[in-house]
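Residue numbers (the working numbering), protein chains in the order written: chain A, 13 to 405; chain B, 2 to 453; chain C, 35 to 158; chain D, 615 to 873; chain E, 499 to 847.
All C-beta atoms in this analysis are idealised placements derived from N, C-alpha and C, irrespective of residue type, glycine included.
Every value quoted in this text rests on a predicted model; they were computed, and no experiment measured them.
Since the structure comes first, as structure tokens, the remarks are kept for the end.
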Amino acid sequence: MTLAEYKYADTIHRCFRCGYCKFPVNWMDVNNCPAYARFRMETYSCGGRLWLTKAWLSNEIDWSEHLAQILYSCTACKNCEEKCPLRFNVDIFNMIQAARAEMVERGLVPAAVKEFLENVQRHGNPYGNAREGRGEWSQETGIEQYQGQDYLYYVGCVGSYDTRAQQTARTLGKVLLRSGVSFGVLGSEENCDGNEVNALGEETLFEMLAEENVRKFKDLGVTNIVTLSPHSYNAFKNDYAKYDGSFPVLHYTQLLRDLITDGKLDVSGGMNARVTYHDPCFLGRWNGEYDAPRQVLSAIPGIELVEMEKNRESTLCCGGGGGNFYTDFLGGSENSPARIRVREAATTGASVLAVACPNCMTMLEDAVKAEGLEDKLVVKDVSEIVGEVCGIG
Amino acid sequence: MSSVYESLVEIVGGEHVSTQAEELYIYSFDLGTTEPHRPDYAVAPRTTEEIQEILRLANREKVPVAPLGGGLSLAGLALPLKGGISLDLKRMDTILEVNEKSRYVVVECGVSQGQLTSYLERHHPTLMHSEPGAPPMATIAGNMAIHGQGDLAHPYGFNSDMVNGLEVVLPTGEVCRFGSCSVSTQWYTNHPLPDVGLFLGWAGTTGIITRVSMKLFPHKSIVGAGQFVVKDENLIPEIIHKITHTEMVHDLVAYSQAIPPFSSGLHHLTINLSADSEKELAFKMELIFDDTLGHYIRSGDGGYLGFNRGLQRPQVSKTSDWRKGGGFEYVGSIMPVETYPDCYRRGREISEKHGIPYTVLGRVIGMSHAMMFSWTYAFNRADPETMDQAREALHETDDLVLELDGAIWKPGTYGQKLVMERMDPNTLNLMKKVKQLLDPNGIMNPGNWEVS
Amino acid sequence: MPEILVVVEHRKQRVADISLQMLSKGRQLTDEAGVGLLAVVIGGGAGTYAEELAGWADGVLAVEDPELAGPLAEPSQKILSAIIKERKPLLVLMGHSSFGMDLAPALSVELGVPLVTDCTGVSL
Amino acid sequence: MDIIACIKRIPDTSEADTIKIDPSQMSIEKGSLVFKINDWDEYALETAVQLKERTGGSLIAVTVGPKEWDDVLRRALAMGADRAIRVDQDMVAADCHSVAIVLAALTRSLPYDLVLCGAQSEDFGCGQLGVMVAEMLGVPHAALVVGLQEEEGKVRVDRELEAGILESYTIELPALLTIQTGINRPRYISLGGIKRAMKKELQVMSPGELGLTAEMLAPQVKLERLEFPPRGKEAVLIPGTPEESAEHLASILQSAGIF
Amino acid sequence: MFELKFDANICLSCGNCDCLTRCQYMDIDRETAKTEITKIASGEDSFVLHDCVTCYACEEYCPMGNHPFYLIVERQEELDIPPLPKPLIERGIQTGIPFRGEPEIFEAKEPALCMGVFSDLMYLIQGKLFDEFSVISEDPRKMFHYFCQLMYLHYARTSVIKERLPGIIETIAKHGAREIVFFHDECYGTYDSYCSAVGIEVPFKPVHLFEYLYNKLNELRDEIQPLNMKVAYQRPCSSRLSPDKHHFVRDIFDLIGAQSVDREYVDETALCCGGTIQGQRREGSRLRSADVQERNIEDMVNAGTEVCVFNCPACYNTMAGMVSRRGIRPVYMSDLCRLAIGEEPAGWR
């Protein structure tokens, strides 16, 4: 494909490389573009990435392993779209995804991305684990298979297979059971929702996943979906309609908030803790939901919610988006976004760093270990905090 | 060649030096019309010691070094004109000290304007620095190195007049300190020791500024901007003269631009005021908009457009993105204020000759002592024709500045040549000696201010 | 008298470890089955190993040839197939090394004898 | 340069414990397994596609196996093969010799300058097939190739020996090479690529069409039994300070009768 | 071309000459009023033409509907004594020039809403009160194609209004809606009052925003929770052109349980927001504007106002900051109505 055929040929050259995209809303530093914060070379800033994409598509530079790594180091956190002062800002990540789609079609993707996508093609999850094992997390929890209940509780790959995230999936399931919510899970029948596959540019694979999922949901008579991960929430809410799959979907924090306000979930037990909340990009900047998780936490007596300076639209991505929880292009340094983020969390004096996404959970928990902050800061999912308050192990 | 690379990896670490096509491509462009100049290495140091070692290496291997802050100075000043090392200083971004009592701040060279403004707003709300109109990614030290100006230029002069002290690595690798910091631990004044300040305005050709101390100024709780508009450009100099006489105003800028249409052919004056009380604000507004400018209003020659509280961070202006082409460049100049009418008229002719909607702006420096006057030319990076038009307009404007008896501010190599052709030979010769003294091997940002 | 033939590899004036393993396995098999053990070594300087190999094998066949500096599959195949056709050994043992993988399958097709590779245990 | 690439379909068993041996102990339970192109063959395919992109000519991907093996040929077509041929014969896995006979017969019926095979397979890892086919075709060969550069009428080849030593020499065409992993970076095969490759030709032949009878394909080697290796050794982590762990180790060694 | 329907004889027979005697910015007794209005009618100069602050009020005061204000503005232009300095006039006229391409003409189903030159306020247009609208002029880059031009009454440039207005009306009409609700009060005044006063044909029926809101709130009557807030209304100058619709302000307040404070400057004695006065040529205009604003806000504070309700975005931009500094929360009328049915106001500060 030449530059002319590139979907954003008439806007991609409009980037000035003025550098706004590196800042949070209050301009306090240049660490809010995770890839730039990690490498601090102009090529890794959003502007650098757009210029390199244009240069590659107009054959000014050739494809290389390094170019692919730069393109795939973007974590789809949309800080750039929040800060770019120019009118094309709504399309910035689309431009990056379209460039990745071109690399995917030419087969020229980094090895880690090739692995990720092949594993999803074959096993329905990026880890390459067997499909039968996808439901094991729910053993002995009393959670039932989905047959038409009010909600389909969609867990996602990370929640299903990552040992730490499985605990979150279990706890949330039990909290929903305790609140009398009628729901079921797909277990080993659940397949990847494709949000990261789409972000990685494998748009045909995403199409197949979406169509299969929509057919499966319709056959099972799914009416409402509640997701553990903001990534699945994003795909179902924004991208599945194209495949005739516009199901009403909630992120679980929205459901927990409603359950608490409707009195179906009693959190009066309370918990004494100083908590700071990390806004996941796919819930906040992508879908504008900043309040539900905070309302859940503030409804728990004894919790002192303290805000990090980089919160809401200015959240610093944990570095796990856009497939990076697996490809980990931003790992391996004290400047990895997750480690910068946990250092900031520690400065608030909070003892609990609350998250609302399994990807953030794994990234930030590893970062707490890497920073040696285990004694000062523990990473807990909002559902786990609610579980603790309700005495659910 | 690989030995230089290996040495650089030893100095800054493998992740902060690159010879790969991608880095060399990005670091060969600035945001303006200058042709790309490809570096051989892109290096991002973190400490002054690393810069010393890099410069010693550069001297041994005769490798040019071009320092780079935000890279937004346009005119090719941030490009490695003779290849070699493009030294990205943005990792050195620590705000070292803010002294409330003596009102100064000490920053590393990579600290950006946005970062400092945000830091002061959050931690020292009664202090402010003179922030230039450039995007927030521009660095403090980079702005110093080109005699930049900010939104306190009218009351307090060039940003380079606000320097309290410098830490500089000389081209041959030694670290020098200028100002009080060279004798005391405090960075509160640039004088009174013998003056060897040879690093401002040289665009990084005599050394690399690694730390700078800068004066800060009182920041009042109410800040805002009044707007005044006139049709006749000949009125602007006298109006500026009268307003500056009141000594009440912070930033004072006159601008005119064809786009958006409301400002075409008209001259808007932005008058920034600040006050700690409604009383102080009302007094200043009355002094300026009634007593000073009242008779222009009554005569119908000038119009008061109101006063808006709160100052917005300057956005990428509409005109610079007019071509929707991700590119613009402007010629900056330091002119006598009375040349505003000619600057406007002649500048407008150049713009219209090249099919570019004109955009001019004059920011007052001091008490009408001078003004920074700029002509902006937008272009479309995807349409080489518009880039050529913009480049020609820029060069014609460089010529215009000297023709109108002014001085080009932060000129590219074209403008530098014009300036040096007119400078008196002895001063030029002294510049040559200074350069040779400080940079015997000619590795410090060669290609800029090169006296033939 | 029936025998087991071991193809010995050598590089840089040393017998390859894999061949020593082959020889010790061969010795064990021949003792059990009461058959002879013949070591075959080909290439430049082949003779120099004769004495060392004699410690293992009943007989050593060294094919000197200055031309053959390193072990090259094609010429070695011609030599070995001639030896095997002549002596008709019960079993031929060869290291599953880069040399062996390049040679054994071709030899097996040429001689029409079955081949098993990557063995970790052999018994007669 | 006309190239033939031989590929094999094997189960993707990244997680070892999911494999179970079926009651007959002659093969593994295939029920829930997912299949892919044998890794070595993917490197061979990538080498072939790059060679074709450089020199032009045709690339045919071939395999010997039942109907469900078409999927790996589809992927080969998506990777860049012009056409694909499957010889419809469910081969006994362990016997490379009979597979070699089929491939040799098929290759003789096609125009070729170069035949590329994977050095070995992930499931049985015999590492025999390619060289056997070469011998049957009577063409020169080289195994474990890690570097390839085409020249006029011949190829310059690097072979990987032990201890990292490389051996390189040239071979006259036509020739056969078995490719070692690491020679290049196989490209990703996108779902879109597979869909587009659906239009390309996939021909199915029977052994009979190649003049092969059942006896000719009789296996030389008979598989007796498949079993997991016994869980022999075990590892013990000795805690404590150096002094404590030294003492502990000494006691273990004594009890094992080493001293 | 587009003659102003003004009849000097009506003025002669007018007893009280309310247009000038009731003016709140000039102190004119009946005698002076008589002589000045005749001078103006016959095209002579008059101090009224110099001192008029263009607050539109006399259009409402005139009992005979003889358009005294439209006359004053035409005379100011004829005698070249505009209230504003020339650069402001030129700036104002040039502001109205569209320069970002042609608007997208789509088939507007009814009910249709036209945002005029306030497309930037689209964020206010959300929730049940607006969800059935198809919106004309929602793109800020194309809004000057829908600019009603009436602002030029402050600039003594009726010539510009008459030159551009027919084209604007044609563009709006192309959308095909027969009935159009106008977001801004001045647009309504243009198509209801000014056009008929100067004989410009209007092929659609304008609907006042407040009338629409009132009827809509009535439909949603059961969802209204009384606000019981003390509110003051900042009446814009353009509402003087549609006095017959002014009653909807109080009707809406009563419907949503907003308690309209008892204060001096209300309805016919409402004070101008001072936005245009501050830039006028006349001596001391800036302070005069500040004084008008001060009196108006003081009046609100003394009456215990909690919320100041705005109609016109220009008034909002001028006074919102000032009222909030005095502890009064500024809000648009549409946002107040949305708050009454339990929705979150978009512009709440």
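C-alpha gap between residue i and residue j, whole angstroms
{"i": "B/D152", "j": "B/N273", "result": "9 Å"}
{"i": "B/Y359", "j": "B/T398", "result": "12 Å"}
{"i": "C/L57", "j": "C/A91", "result": "7 Å"}
{"i": "C/P109", "j": "A/L212", "result": "52 Å"}
{"i": "D/I633", "j": "D/I642", "result": "7 Å"}
{"i": "A/E152", "j": "A/M40", "result": "48 Å"}
{"i": "E/G674", "j": "E/I667", "result": "11 Å"}
{"i": "B/K243", "j": "B/S334", "result": "23 Å"}
{"i": "B/M336", "j": "B/S375", "result": "10 Å"}
{"i": "A/V37", "j": "A/E156", "result": "44 Å"}
Residue range of the alpha helix (DSSP H) that includes residue i
{"i": "B/M373", "result": "Careful: B/M373 lies outside any alpha helix (DSSP H), inside the beta strand (DSSP E) at 371-381."}
{"i": "D/G688", "result": "Sequence inspection shows Arg at residue 688 of chain D; the Gly mentioned does not correspond to that position. 684-693 is the extent of the alpha helix (DSSP H) around D/R688."}
{"i": "A/T273", "result": "264-273"}
{"i": "E/D749", "result": "745-753"}
{"i": "B/K280", "result": "279-286"}
{"i": "E/R639", "result": "Counting along the chain, E/R639 falls outside any alpha helix (DSSP H), and DSSP gives it neither H nor E."}
Own chain, CB closer than 7 Å to residue i, minus 5 neighbours either side, in chain order
{"i": "A/S85", "result": "A47, Y56, F341, L342"}
{"i": "A/A382", "result": "R351"}
{"i": "C/A84", "result": "V94, A96"}
{"i": "C/A80", "result": "A96, V97, E98"}
{"i": "E/C835", "result": "L627, L711, L715, I750, I754"}
{"i": "D/Q834", "result": "D709, H711"}
Residue range of the beta strand (DSSP E) that includes residue i
{"i": "B/L401", "result": "Looking at the DSSP string, B/L401 is not in any beta strand (DSSP E); the run it does join, the alpha helix (DSSP H), is 385-404."}
{"i": "B/G328", "result": "327-336"}
{"i": "C/V41", "result": "37-42"}
Simplified DSSP state of residue i, which is helix, strand or coil
{"i": "B/H268", "result": "strand"}
{"i": "A/G399", "result": "helix"}
{"i": "A/N101", "result": "helix"}
{"i": "D/M819", "result": "strand"}
{"i": "B/K243", "result": "helix"}
{"i": "E/F567", "result": "helix"}
{"i": "B/S74", "result": "coil"}
{"i": "A/G281", "result": "coil"}
{"i": "A/G331", "result": "coil"}
{"i": "B/R212", "result": "strand"}
{"i": "E/D765", "result": "helix"}
Own chain partners of residue i with C-beta closer than 6 Å, once the 5 adjacent residues on each side are dropped
{"i": "A/A181", "result": "W149, V167, G171, L240"}
Chain H residues whose Cβ lies nearer than 7 Å to that of residue i
{"i": "B/P46", "result": "No chain H appears in this structure, whose protein chains are A, B, C, D and E."}
For the stretch 429-446 of chain B and the stretch 199-216 of chain B, state whether three or more C-beta atom pairs, one from each stretch, are separated by less than 8 Å.
yes
Does the stretch 26-38 of chain B come into contact with the stretch 59-77 of chain A, if we say contact requires no fewer than three beta-carbon pairs (one atom in each stretch) closer than 8 Å?
yes
May I ask you to verify whether the stretch 721-740 of chain E touches the stretch 530-549 of chain E, counting CB pairs closer than 8 Å and requiring at least 3?
no
So does the stretch 215-222 of chain B actually touch the stretch 90-108 of chain B, counting three or more Cβ pairs closer than 8 Å?
yes
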